[in-house]
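Whatever position you read off the first sequence (first residue = 1), add 835 for this note's numbering. In this text, a Cβ means the ideal position worked out from N, Cα and C, and glycines have one as well. Every value quoted in this text rests on a predicted model; they were computed, and no experiment measured them.
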Amino acid sequence: MNNGSRPDDRGSSDRNYDFIRARVRDDVAGGKNGGRVATRFPPEPNGYLHIGHAKAICLNFSVADEYGGTCNLRFDDTNPTKEDVEYEEAIQRDIRWLGFEWDDLFYASDYFEALYDFAVRLIRMGKAYVCSLSADEIREYRGTLTAPGRDSPYRNRPVEESLDLFQRMRDGEFADGEHVLRARIDMASGNVNMRDPTIYRIRHASHYRAGDRWCIYPMYDFTHCLSDSMEGITHSLCSLEFEDHRPLYDWFLDELDVECHPQQIEFARLNLTYTVMSKRKLLQLVQQGRVHGWDDPRMPTLSGLRRRGYTPESIRTFCDQIGIAKRNSMVDVAQLEHAVREDLNRTAPRVMAVLDPIRVVIENYPEDRTEDLDAINNPEDAAMGTRKVPFSRVLYIERADFREDPPKKFFRLAPGREVRLRYAYFITCTGVVRDASGEVVELRCTYDPATRGGSAPDGRRVKSTLHWVSAPHAVEAEVRLYDRLFTKEAPDEEPGDGYVAYLNPDSLEVRKGCRMEPALASPAPGERFQFERVGYFVADPDSTRERPVFNRTVTLRDTWARIERSLASAGR
RNA sequence: UGGGGCGUGGCCAAGUGGUAAGGCACAGGUCUUUGGAUCCUGCAUUCGGAGGUUCGAAUCCUCCCGCCCCAGCCA
836 MNNGSRPDDR
846 GSSDRNYDFI
856 RARVRDDVAG
866 GKNGGRVATR
876 FPPEPNGYLH
886 IGHAKAICLN
896 FSVADEYGGT
906 CNLRFDDTNP
916 TKEDVEYEEA
926 IQRDIRWLGF
936 EWDDLFYASD
946 YFEALYDFAV
956 RLIRMGKAYV
966 CSLSADEIRE
976 YRGTLTAPGR
986 DSPYRNRPVE
996 ESLDLFQRMR
1006 DGEFADGEHV
1016 LRARIDMASG
1026 NVNMRDPTIY
1036 RIRHASHYRA
1046 GDRWCIYPMY
1056 DFTHCLSDSM
1066 EGITHSLCSL
1076 EFEDHRPLYD
1086 WFLDELDVEC
1096 HPQQIEFARL
1106 NLTYTVMSKR
1116 KLLQLVQQGR
1126 VHGWDDPRMP
1136 TLSGLRRRGY
1146 TPESIRTFCD
1156 QIGIAKRNSM
1166 VDVAQLEHAV
1176 REDLNRTAPR
1186 VMAVLDPIRV
1196 VIENYPEDRT
1206 EDLDAINNPE
1216 DAAMGTRKVP
1226 FSRVLYIERA
1236 DFREDPPKKF
1246 FRLAPGREVR
1256 LRYAYFITCT
1266 GVVRDASGEV
1276 VELRCTYDPA
1286 TRGGSAPDGR
1296 RVKSTLHWVS
1306 APHAVEAEVR
1316 LYDRLFTKEA
1326 PDEEPGDGYV
1336 AYLNPDSLEV
1346 RKGCRMEPAL
1356 ASPAPGERFQ
1366 FERVGYFVAD
1376 PDSTRERPVF
1386 NRTVTLRDTW
1396 ARIERSLASA
1406 GR
């Protein structure tokens, strides 16, 4: 295994063991499987990976890594009508991006021949039979949650007849739905999964990998456990809803008496506030055009988070912090945001960008003069060095950083007030210029030449520091401000497709005409920055030479916004 | 008396009979050329509820309550 090794990998650390790691640790200590650990991540290539999958990916790859084991990637591609190579490729890309590399790459579809043989063996043993009931009839015979089912009239079909029928199913002699192969278990079981489950169905559909070689396809329950077994998986980790399937998983492996019998262990899947996490709903958002694609930065998909500017490191840290347990839970998205902020604070270079510019003229600064001032690239990391930022007579600052009539606790620029321009000078506002409608369109200021670099020789202090951009040197850019996709914490809890009603109409705000320092002229797509005092941003692939485009990953913690809010609610 | 799970602070989550870790959030304070970051402090007399066992219970027993999953020829 060769994933990005982290400083805080378990092993020798003082971290707690979650119940799965505790179990693996005990199995290894007890010499089970010869002390070998083998896991796998088994997605169906029918959609894009999301942050919930990241939890499973981190678990499987990390557990293997922590015990010197292996972790495979296996595509559970047993339903030709839903799967596509586009999804397969996206899944591989996203796992690698997250920082993991699988030991072996497998496909359930490569096991079709072996799986067919296992099915034939079950028929010979009298443990499976071809059933010719219709889908509706099978449902009817299955009984209900509280009433036992009834035996299919085909349940005692002679072995030879089932064998013949199964062969002919494979040969394409029957139409979809005419027959099905069923395991012969117990129609009265309290566990509905054990009531003679279907293990093969006829599907005259071409498979994205197997082409038209097959017209019968194995079902998940049958395929999954045997695939795990054939791969020598020791611990088969999956989500809670498969708990009821474990007896069936075990039944197949026991009846077929295979060498390797993996232990299935279930854990709770991840739910995040203000988003939805089901592939079906995400697909619907894409298909209905409610977002711009699987990689829309508002999506909880890994490709969406990547485009949003999330780092793989921050997602891994997040997965580590939320833990693994069996109770259904809903993690606050603030926890995810905390993880990126923490990572980006350490690694993102600082730059100055004005998202909602207002002109500032420094009246006592010479018209034709330009200075290059030194700015620190990252105060958290001196090794990232410094850069030069041009300063001139005409600048832009953030419109929100000026108030003609400043409220209490507003420390920024106001008439007669002196503030610092970061890395530049102290300036004092001397007046405003209005347009015909009376709106302030320009600020007039003076600067103190003695404060070059941002500190006053006389020890004079100012209460705030503003970011700014020199107008003649500014790069014009587009900035996309993203917010949560839904207005409700748990849109998923709405019945049916009710979640759509809670889409946040303000989840995307496009700002054009933003002004940035020259360092932002031609960013590489995916390059991340902290716009000082504003937030973390990433260059979007839509960027062009003439017009860079940035996506807001997450805002900085904003104490002023909080004060403003409490001031407002205090009823002034 | 269908089967299978789960209940620890606002949100995650350790804890497995010896007297409630940690993270997020929140609230104060420190520091600061980002109202960022940092650092400090506070934040469950109590573990769904009620009984019981015990010197001692979130942990063991009994009963009760609540929530989630399962009746695809999906995974």
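Check whether the region 1327 to 1340 touches the region 1204 to 1220, counting contact only when three or more Cβ pairs, one atom from each stretch, lie closer than 8 Å. no
Is the beta carbon of ILE892 closer than 9 Å to that of PHE935? yes
Measure from the alpha carbon of ILE1440 to the alpha carbon of each residue in ASP1178, TYR1231 and ASP1167, then state which is nearest. With the chain covering 836 to 1407 only, the question about residue 1440 has no answer from this structure.
Could you name the residues of the same chain whose beta carbon sits closer than 6 Å to that of SER1024, not counting the 5 residues immediately before and after it, in chain order? ARG1030
Specify, as a first and last residue, the run of the beta strand (DSSP E) that TYR922 falls within. Unbroken run through TYR922 is the alpha helix (DSSP H), 920 to 933; no beta strand (DSSP E).
CA nearest to the CA of LEU1171, picked from SER1164, ARG1185, CYS1154 and PRO1192: CYS1154
Three-state secondary structure (DSSP) at GLY1046? strand
Can you determine whether any heavy atom of the ligand ATP sits closer than 8 Å to the C-beta of ILE1197, and answer yes or no? The ligand content of the structure shown is nil, which means the ligand ATP is not present either.
If you drop the 5 nearest sequence neighbours on each side, which residues of the same chain put their C-beta closer than 6 Å to that of PRO1250? CYS1264
For LEU1075, collect the residues of the same chain with a Cβ closer than 6 Å to its Cβ; drop the 5 residues on either side in sequence, then sort them by chain order. GLU1101 and ALA1103
Please report the residue range of the beta strand (DSSP E) in which TRP937 lies. Where TRP937 is concerned, there is no enclosing beta strand (DSSP E), given that its DSSP letter is neither H nor E.
Taking only the alpha-carbon atoms, compute the straight-line gap between TYR946 and GLY1067 and give it to the nearest angstrom. 14 Å
Rounded to a whole number of angstroms, what is the C-alpha to C-alpha distance between LEU1016 and LEU1391? 58 Å
ALA1249 in three-state terms, based on DSSP: coil
Just to confirm, are SER1410 and LEU1000 a CB contact at a threshold of 9 Å? This structure cannot speak to residue 1410, because the chain is shown only from 836 to 1407.
Please check the pair ASP1283 and TYR1260, which I expect to be a contact at CB under 8 Å, by giving their CB distance rounded to whole angstroms. 6 Å
Residues in the same chain with beta-carbon distance under 6 Å from ILE1034, minus the five sequence neighbours each way, listed in chain order, please. LEU1016, ALA1018, MET1054 and PHE1057
I'd like the ranges of any alpha helix (DSSP H) spanning at least 4 consecutive residues and lying wholly in the region 949 to 1019. 970 to 976 and 994 to 1005
If I measure Cβ to Cβ from PRO1097 and keep anything under 7 Å in the same chain, skipping five residues before and after, which residues do I get? ASP1063, SER1064, ILE1068, THR1069, HIS1070 and SER1071
With burial defined as no fewer than 16 other Cβ atoms inside 10 Å of the residue's Cβ, what is the status of PRO1082: buried or exposed? exposed
Return helix, strand or coil for ASN838, following the three-state DSSP convention. Only weak support exists for where ASN838 lies, its pLDDT of 40 falling under 50; the value from the coordinates is given anyway. Coil.
Hey, out of THR1110, GLN927, ALA1396 and LEU933, whose CA is closest to ARG1141's CA? LEU933
Candidates ASN851, ASN895, ARG1003 and ALA1309: closest to VAL965 by CA position: ARG1003
When we look at the beta-carbon of HIS1302 and count the other beta-carbons within 10 Å, is it buried (16 or more) or exposed? buried
Which whole runs of the alpha helix (DSSP H) in the region 1097 to 1134 are 4 residues long or more, in chain order? 1114 to 1122
Suppose you measure from the CA of GLU1277 to the CA of GLU1233; what does that come to, to the nearest Å? 12 Å
Is DSSP giving PRO788 helix, strand or coil here? Residue 788 lies beyond the residue range present for the chain, which begins at 836 and ends at 1407; the question has no answer from this structure.
What residues in its chain sit with their C-beta under 6 Å from that of ARG1368, if we drop five residues either side in the sequence? HIS1302
Helix, strand or coil for ASN907, going by three-state DSSP, please let me know. strand
ASP1155: first and last residue of the uninterrupted beta strand (DSSP E) it sits in: First-last for ASP1155: 1147 to 1157, but that is the alpha helix (DSSP H), not the beta strand (DSSP E).
Measure the Cβ-Cβ separation of VAL1166 and ARG1319 and say whether it is below 9 Å. no
Where does SER1188 fall in DSSP's three states? Checking the sequence, you will find Ala at residue 1188 rather than Ser. Strand at ALA1188.
Give the DSSP-derived three-state secondary structure of ILE886 in the structure shown. helix
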